[in-house]
Amino acid sequence: KTERTLGMIKPDAVPKMGQILDLIYSKGFMITRLKMCQLNRNEAFQFYQEHQGKPFLDALLNFVTRGPVIAFEIMGESVIQKWRDLLGPTDSAQARQDAPNSIRSRFGKDKTENACHGSDSTASAIRELEFFFPSSGPSRQNTAK
Ligand code: CMP
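Residue numbers (full-length UniProt numbering): 115 to 259.
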């Protein structure tokens, strides 16, 4: 079924945004909204609320607030899973072993600095899209219906 999901280029990979967006388009994904922004710590904590209490949370918040991120909506058939497949495993080192053509394999460094994010479920996608692209915000310019 047609889905929407939230993708995010993390601060480590923003300098490689051109290559990453090229790869995304070459795989046939359709980006329907996109913006660059700088998250403060409260915003990052809100975005990653499901990781409250995890040992890596502090490192994750430091990392994701150290520079701008690029958030985008991807729309298409089964894109929640397809986008996660293109990302590869969370740990970039493992991605290089198990999914050598994945984004994390090619552009990530390790478990934390792993280049990009993708929503892991329909519920996360809805929450994360609303976080970056609130429905009260500017009207959609590219609904690509
Ligand atoms: P992401 O897909 O954005 O979801 C949560 C993020 O936390 C993850 O990518 C990594 O950046 C980070 N992360 C997840 N697991 C670990 C871990 N074991 N150690 C360090 N960072 C992690």
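A virtual CB, placed ideally from N, CA and C, is assigned to each residue, including glycine.
Checking the 7 Å criterion, the Cβ of LEU200 is out of range of every heavy atom belonging to the ligand CMP. With a threshold of 7 Å, the Cβ atom of ALA237 does not count as near the ligand CMP, since no heavy atom of the ligand is closer than that. Within the UniProt region "Disordered" (205 to 233), the runs of beta strand (DSSP E) that reach at least 3 residues and sit entirely inside it are, in chain order, 230 to 232.
Within the segment 160 to 203, the complete beta strand (DSSP E) segments of 3 residues or longer fall at 183 to 191, listed in chain order. Per the C-alpha coordinates, the member of GLU191, SER206, PRO129, ASN176 positioned closest to LEU153 is ASN176. In the three-state scheme derived from DSSP, where H, G and I count as helix and E and B as strand, LEU148 is classed as strand.
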